[in-house]
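Structure first, then comments.
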Amino acid sequence: MSARRNKRDDIDISEITSAVKARRNLSEVIVSLTGGKLRRRGSDRRHAMLCPFHKESTPSFFLKDGNTGDGTYNCFGCGAKGDLISFVKDYKSLSFREAIDYLVPGLWPERDRPASSKRVKVRRLSQVEKPDDKFVPVKWQAIVPVPEHASLYPTGFDRARGRSAPINNPVSEDRPVTQLPITLLHPYKDGRGQTYGYVIRADFEDAKITPFVQWGISEKGVEGWFISEFPMENRLPYKYEKFVEKLQAREDRLTPLIVLLVEGEKTCDHAAKFFPDLAVMTWPQGTKSVERVNWDYLAEADMVILSPDNDSGGYEAMARIALKAEAMRLQHIYCMAPVSADKGADLADVPLEDKKYASHLLKTSKPVREMLGDWMLEITGDAEFALGEVQESVAAGRSPHEADPCL
Numbered sequence: 001m002s003a004r005r006n007k008r009d010d011i012d013i014s015e016i017t018s019a020v021k022a023r024r025n026l027s028e029v030i031v032s033l034t035g036g037k038l039r040r041r042g043s044d045r046r047h048a049m050l051c052p053f054h055k056e057s058t059p060s061f062f063l064k065d066g067n068t069g070d071g072t073y074n075c076f077g078c079g080a081k082g083d084l085i086s087f088v089k090d091y092k093s094l095s096f097r098e099a100i101d102y103l104v105p106g107l108w109p110e111r112d113r114p115a116s117s118k119r120v121k122v123r124r125l126s127q128v129e130k131p132d133d134k135f136v137p138v139k140w141q142a143i144v145p146v147p148e149h150a151s152l153y154p155t156g157f158d159r160a161r162g163r164s165a166p167i168n169n170p171v172s173e174d175r176p177v178t179q180l181p182i183t184l185l186h187p188y189k190d191g192r193g194q195t196y197g198y199v200i201r202a203d204f205e206d207a208k209i210t211p212f213v214q215w216g217i218s219e220k221g222v223e224g225w226f227i228s229e230f231p232m233e234n235r236l237p238y239k240y241e242k243f244v245e246k247l248q249a250r251e252d253r254l255t256p257l258i259v260l261l262v263e264g265e266k267t268c269d270h271a272a273k274f275f276p277d278l279a280v281m282t283w284p285q286g287t288k289s290v291e292r293v294n295w296d297y298l299a300e301a302d303m304v305i306l307s308p309d310n311d312s313g314g315y316e317a318m319a320r321i322a323l324k325a326e327a328m329r330l331q332h333i334y335c336m337a338p339v340s341a342d343k344g345a346d347l348a349d350v351p352l353e354d355k356k357y358a359s360h361l362l363k364t365s366k367p368v369r370e371m372l373g374d375w376m377l378e379i380t381g382d383a384e385f386a387l388g389e390v391q392e393s394v395a396a397g398r399s400p401h402e403a404d405p406c407l
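So that you can map any letter, position 367 of the sequence shown is 367 in the UniProt record's numbering, and since no number is skipped, the others follow by simple counting.
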């Protein structure tokens, strides 16, 4: 792959970035800029501190210094994340070049600027012109958090027969506004507990749909609900705010942080009733979207337990998460046995009154390589690597109920 370059100045951006990170240390820069106090978190150059981007009383801002200054940070409260240069850019409201100049003055070489950019501007305007006879989707901007007055349930809503408040569909020419029968409603919140959208489950006679909706304002100045999209990358999981609560509780009371990952919002809500002491979470938009989620937060967990749906999609998705967790050097990664032999069976199929069986499934979880080793091997395609990992896991692994203090 060719080096990334600034075409206007013919500058090798990758080379400059590497030079900056080789000379400056992430934690030292952050402490110098913010005056914050770092708390060491175990080994491997990990630290925690109060987030410099939002107010909080318990540290949710974690950073890790790399071997050559290539450190990273991640706030579980507000979602801020990045590296040395992005921190300086965001904290001091600088451009990329200004951040480089701040960190290493004189590193960015001077170049003559073009005399005028007028021709470029004219070309860009012509590129966005649209013929009048073509449908152009209406642009919407989400308002976060969702205002208190915004409700998907109109006055007098009847869950059995009623439909939602009007929802705008920006990409539909024939039906720009719709109302949906709400079967289930799943709020998505950030680390501060602020709702930024909902996944609606709407059941029809022959199908179901699960759109993501947000409250926002259109380019025409109209406020209301609209069908939106999750970001292509770095999506937050469902019930992420609960994870942040458990993380803060661990800091305050030294209680272990155990994450239980399931598939689907409905199953997540159901499983949380069985295990209120665990951070029960899932991810949006099904098994095919598991790679689009920001899983970095798992590095802060003391234990991760996976509960896949009993089908190929469920096992593959959880195997991909397990590989990411292993890459973070997590020591305790377990997997539940299937709820039943039925295809697609999950924890939502266990009646709430049968809490004893749900507890049994949790306590008899096995090291993930024993349960999902074949799937993980198929994904990595590295037989020697996978076999070594399996042998190591089996030799050192224990079921949670036998010896692990976290359960």
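We treat Cβ as the ideally placed atom computed from N, Cα and C, and that holds for glycine.
> If we ignore side chains and look at the alpha-carbon of each, how far apart do residue 189 and residue 83 end up?
Replying inline: 24 Å
>> My output table needs one value for residue 297: the three-state DSSP class, helix, strand or coil.
In response: In the displayed model, residue 297 falls within a helix according to three-state DSSP.
> What residue from 361, 98, 337, 348 has the CA that sits closest to residue 370's CA?
Replying inline: 337
> Are there 16 or more other CB atoms within 10 angstroms of the CB of residue 303, so buried, or fewer, so exposed?
Replying inline: buried
> What's the C-alpha gap between residue 207 and residue 201?
Replying inline: 11 Å
>> Can you tell me whether residue 127 is buried or exposed? The criterion is at least 16 other CB atoms within 10 Å of its CB, across all chains shown.
In response: With a pLDDT of 38 at residue 127, under the threshold of 50, the predicted position of this residue should be treated as unreliable, and no value is reported.
> Using the rule of at least 16 other Cβ atoms within 10 Å of the residue's Cβ for burial, across every protein chain shown, is residue 378 buried or exposed?
Replying inline: exposed
>> Rounded to the nearest angstrom, what separates residue 297 and residue 196 at their Cα positions?
In response: Computed Cα separation, rounded: 19 Å.
> What is the DSSP secondary structure of residue 233, counted as helix, strand or coil?
Replying inline: coil
>> residue 167 and residue 199 - do their beta-carbons sit closer together than 8 Å?
In response: no
> Among 194, 172, 100, 74, which one has its Cα closest to the Cα of residue 139?
Replying inline: Nearest option by C-alpha distance: 172.
> So what's residue 47 in DSSP terms, helix, strand or just coil?
Replying inline: strand
> What's the gap between the Cα of residue 20 and the Cα of residue 100?
Replying inline: 7 Å
> Are the C-beta of residue 167 and some C-beta of chain B separated by less than 8 Å?
Replying inline: As a matter of chain content, chain B is missing from the structure shown, which is built from one protein chain.
> Which residue comes first and which comes last in the beta strand (DSSP E) that contains residue 224?
Replying inline: Secondary structure note for residue 224: its beta strand (DSSP E) is the uninterrupted segment 223-227.
> Considering only C-alpha positions, which residue in the set 16, 165, 362, 339 is nearest to residue 333?
Replying inline: Here the closest residue by C-alpha is 362.
> residue 212 by DSSP, collapsed to three states: which one?
Replying inline: strand
> Can at least three beta-carbon pairs, one atom from the stretch 220-233 and one from the stretch 273-280, be found at a separation below 8 Å?
Replying inline: No: fewer than three Cβ pairs fall under 8 Å.
> Can you tell me where the alpha helix (DSSP H) with residue 91 in it begins and where it stops?
Replying inline: 84-92
> Span of the alpha helix (DSSP H) holding residue 315?
Replying inline: 312-327
>> Tell me the DSSP secondary structure of residue 364 in three-state form.
In response: coil
> Leaving out the 5 sequence neighbours to the left and right, which residues in its chain are closer than 8 Å to residue 345 when beta-carbon positions are compared?
Replying inline: Sequence-distant Cβ neighbours of residue 345 in its own chain, meaning closer than 8 Å and more than five residues away, are 309, 310, 338, 339.
> Taking buried to mean at least 16 other C-beta atoms within 10 Å of its own C-beta, is residue 16 buried or exposed?
Replying inline: buried
> By DSSP, does residue 218 sit in helix, in strand, or in coil?
Replying inline: strand
> What separation, rounded to the nearest whole angstrom, lies between the Cα atoms of residue 65 and residue 227?
Replying inline: 40 Å
> Alpha carbon to alpha carbon, what distance is there between residue 60 and residue 147?
Replying inline: 25 Å
> Roughly how far, in whole angstroms, is the beta-carbon of residue 52 from the beta-carbon of residue 71, given that I think they are within contact range, below 8 Å?
Replying inline: Not quite, the Cβ-Cβ distance comes to about 15 Å (not below 8 Å), so this is no contact.
>> Distance check for residue 175 and residue 73, CA to CA, integer angstroms please.
In response: 43 Å
> Taking just the CA atoms, how far does residue 85 sit from residue 49?
Replying inline: 19 Å
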